[in-house]
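When we follow our numbering, the leftmost residue of the sequence shown carries the number 1, and every step to the right adds one. Glycine residues also receive a C-beta, built at the ideal position from the N, C-alpha and C atoms. Below is one structure, written out as C-alpha cells; the observations come after it.
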Amino acid sequence: MTEHSSPKLLRATIFHTPRNPFRHHNALESFSDGGLLIENGRIAACGDYVALAAAHPRVRTRDLRGGFLLPGFVDTHVHYPQLRILGGLGYSLLDWLEHHTLPEEVKFAAPEYAQAVAAEFVHALVSHGTTSALVFGSHFAPAVTILFETAAKAGLRIVSGLVISDRLLRPELHVDAETAYQANRQLIRCFHGRGRALYAVTPRFALSASEVLLEVCQTLLTEYPGLRFQTHLNENAREIEEIGRLFPWASDYLGVYEHFHLISSRSVFAHSVHSSRPELERMAAAGSYVAHCPSSNAALGSGIFPMRRHIEAGVGCALGTDVGGGTGFGMLKEGLQAYLMQRVANGSGAALSPAHLLYLVTRAGAEAIGLETEVGDFQPGKSADFVYLKAPAGSPLHAVAAHAGSAERLLASIFTLAGAETVSETWVAGMPAFRHADHRRD
Ligand code: GUN
Ligand code: ZN
1 MTEHSSPKLL
11 RATIFHTPRN
21 PFRHHNALES
31 FSDGGLLIEN
41 GRIAACGDYV
51 ALAAAHPRVR
61 TRDLRGGFLL
71 PGFVDTHVHY
81 PQLRILGGLG
91 YSLLDWLEHH
101 TLPEEVKFAA
111 PEYAQAVAAE
121 FVHALVSHGT
131 TSALVFGSHF
141 APAVTILFET
151 AAKAGLRIVS
161 GLVISDRLLR
171 PELHVDAETA
181 YQANRQLIRC
191 FHGRGRALYA
201 VTPRFALSAS
211 EVLLEVCQTL
221 LTEYPGLRFQ
231 THLNENAREI
241 EEIGRLFPWA
251 SDYLGVYEHF
261 HLISSRSVFA
271 HSVHSSRPEL
281 ERMAAAGSYV
291 AHCPSSNAAL
301 GSGIFPMRRH
311 IEAGVGCALG
321 TDVGGGTGFG
331 MLKEGLQAYL
341 MQRVANGSGA
351 ALSPAHLLYL
361 VTRAGAEAIG
371 LETEVGDFQP
381 GKSADFVYLK
391 APAGSPLHAV
401 AAHAGSAERL
411 LASIFTLAGA
421 ETVSETWVAG
431 MPAFRHADHR
441 RD
C-alpha cells in the first residue's frame, strides 16, 4: 500500500514511556520539537526533529507541529455488546447486569444487530485513539466472528473471545460445556494469530460459571499455547459474598480461578477492587495483570481501587474503560479518572504523575496483553501505532498548551482537558485507522 512504500518523518511534540515509571525515574521521554520516523509500518527512530531530519535528508517530513504524538492507547477491558447501554447510572453491579445490561446482550443473537454495533464499537475505539484492545466479546459465536472481522477491516488490534457462562445470568446467555468447548475451538482456529488478532478465553466471571465450564477454560489454555485469558475479579461486595457461597472450598475469589490454573502471565483480571493481600501476592507471583477501571468502579459504586497496594505487591496494573459499566471510550479520560480516584483513596492511593498516566494508557496495557515487544511506546522496531492529538483552536487545551512550562505540565493538561474532539488521527502499523472529519489534512 502507498502508506508503506516510502519512509515518513512526522514532526510534532512527542511523548512516550519506554520505561515503567512505577519502577524507574525518568520514565517519560518527550521531544518538544520531535520527529517520528516511520518505515514499513514500524518505528524506525524517535527523537529530536532537527537531528533526525539531518540524518535522513531524503525522507519527506509531514509537519504536524501544534499537535502531539502519543503511542496508540491500549484499552485492557471493554465490552463490545455494551456500547448502546452506556450511561446506565444509578445501579450497582448485580442489578445493573440483570436489569440494564444482560437484556441488551441477548440481542447479539441476531447477526444484523451484532454487525451494526460492531461497526459502532470499532469506530468508537479508533476515534478515541485506541489502537489495541482486550475486548469482552459476546455470548454468541457469530457475533464474535463479526467483531473480529470488523476490527480486522479497520486495522484495529484486538484480543477477544466468546464470553461463556452456564448459570445465573439468563437462559439465552447460557451454554453447555461441550458447546462452549467446540465454539471456542472453532473461533480460536479462525482468529487466534490471524492478522493482528489474538484470542482470549473469556468466562464472564466465576459467579456465572460452573466448575465444569472453568475446566473447559483450563483445557483450552492447555491445548492452545499463546491464548490470553480474561475475566472479572473482586469487583463488588455482593458478588464476592456469592462467590464464597458457590465455591465454599476456595480460600478466596482468586482461589477459584487458581484451582483451574487460570492464573498466569497471560491473564488479565478486571477490577480487583477488593482483593486481599494474599490474592495480590499470588497474582504478582503468577505475573498476572489487573485491568483497573476507575470510571466503572465509581459509576457502579464498586469502590476505590487500592492501586498502591497492587503496586507494592508487584501486581501489574493497566487501564480499562469497561464500556458500558464505565463512562465512555476515552482512555485519556480514564487516566484522569484514575488520577482523581487515587487522590481521594485514603491510605491506599498511588501518587500518579503524568508519566504514570501515559504509561497506564499505553505501555502497561501492551504488557498486560503480552504485546509489549510490538506496541506501547516508540522504541525502534515497534509497530507504528500512534495517535495524533490536536487541540481545537479556541479550546481551553489550546490555551493551556501554549503556555505550559514543561513537558510534564503539558502532558498533565492533555490528560485533564483532551476529549475525543482532540483525536485528529489514529494510525495502526503505519496505516490510518481514523481521521477526524473536522481536522484539515496536512
Ligand atoms: N461482571 C460480570 N459481568 C460484568 C460486566 O459486564 N461488567 C462489569 N463491570 N462487571 C461484570
Ligand atoms: Zn467488565
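Assigned secondary structure, residue i (DSSP; H/G/I helix, E/B strand, else coil)
i	result
Val50	helix
Ser288	coil
Trp249	coil
Tyr91	coil
Cys217	helix
His100	helix
Lys8	strand
Cys317	strand
Thr130	strand
Arg196	coil
Ser267	strand
Arg167	coil
Ile158	strand
Phe148	helix
Gln379	coil
Ser413	helix
Phe136	strand
Tyr339	helix
Ala350	coil
His398	helix
Val117	helix
His310	helix
Tyr224	coil
Val256	helix
Pro21	coil
Gln374	Position check: residue 374 holds Glu in this sequence, whereas Gln was assumed. Note: Glu374 maps to coil in three-state DSSP.
His356	helix
Spatially closest choice to residue i from the options, by CA coordinates
i	options	result
Glu215	Pro248, Arg60 and Asp166	Asp166
Ala346	Leu352, Leu319 and Ile304	The sequence shown places Asn at residue 346, rather than the Ala named in the question. Minimum Cα distance to Asn346 is reached at Ile304.
Arg84	Met307, Ser406 and His100	His100
Met283	Ala298, Leu300, Ile311 and Ala299	Ile311
Leu360	Leu280, Thr179, Asn20 and Glu29	Asn20
Phe121	Ser92, Gly66, Leu156 and Phe140	Leu156
His192	Glu372, Thr145 and Ala110	Thr145
Arg60	Ser132, Leu10 and Glu408	Leu10
Pro354	Leu280, Ala114 and Tyr339	Tyr339
Ala270	Thr373, Ala313, Glu374 and Val135	Val135
Rounded straight-line distance, which links the Cα of residue j to that of residue i
i	j	result
Val74	Met331	8 Å
Val256	Val175	20 Å
Asn26	Leu221	38 Å
Thr245	Ser275	Note on residue identity: the sequence assigns Arg, not Thr, to residue 245. The alpha-carbon atoms of Arg245 and Ser275 are separated by roughly 17 Å.
Leu125	Phe329	6 Å
Thr2	Val428	Residue placement at Thr2 cannot be trusted, given a pLDDT of 43 that sits under 50; the coordinates are not used to answer.
Ala45	Tyr181	44 Å
His77	Val323	8 Å
Leu162	Gly430	29 Å
Glu367	Gly316	8 Å
Leu89	Gly326	10 Å
His16	Val423	17 Å
Leu28	Val106	44 Å
Ala437	Glu408	29 Å
Ala237	Glu172	26 Å
Glu98	Ala299	16 Å
Phe31	Gly47	6 Å
Ile14	Pro203	39 Å
Val50	Arg58	13 Å
His439	Gln342	34 Å
Thr179	Ile164	10 Å
Val400	Gly419	14 Å
According to DSSP, residues forming a beta bridge with residue i
i	result
Phe15	Ser30
Asp443	Because the chain in this structure spans residues 1 to 442, residue 443 falls outside the shown range and cannot be described.
Ala45	Leu37
Phe464	This structure leaves residue 464 out entirely; the chain is present only between 1 and 442.
Asp63	Arg11
Thr426	Val387 and Phe434
Pro71	Phe386
His79	Phe136
Assumed close pair residue i, residue j - CB separation to whole angstroms, cut-off 8 Å
i	j	result
Val290	Glu235	The pair is not a contact, with the Cβ atoms about 11 Å apart (cut-off 8 Å).
Phe386	Leu70	7 Å
Pro7	Ile38	7 Å
Gly129	Thr426	5 Å
Ala53	Gly34	Rounded, the Cβ-Cβ distance is 11 Å, inconsistent with contact.
Residue-chain proximity (residue i, chain D), Cβ-Cβ < 8 Å
i	result
Ala54	Of the protein chains in the structure, only one exists, and it is not chain D.
Contact test: residue i Cβ vs the ligand NAD heavy atom, cutoff 7 Å
i	result
Ala270	Of the ligands one can find in the structure shown, namely the ligand GUN and the ligand ZN, none is the ligand NAD.
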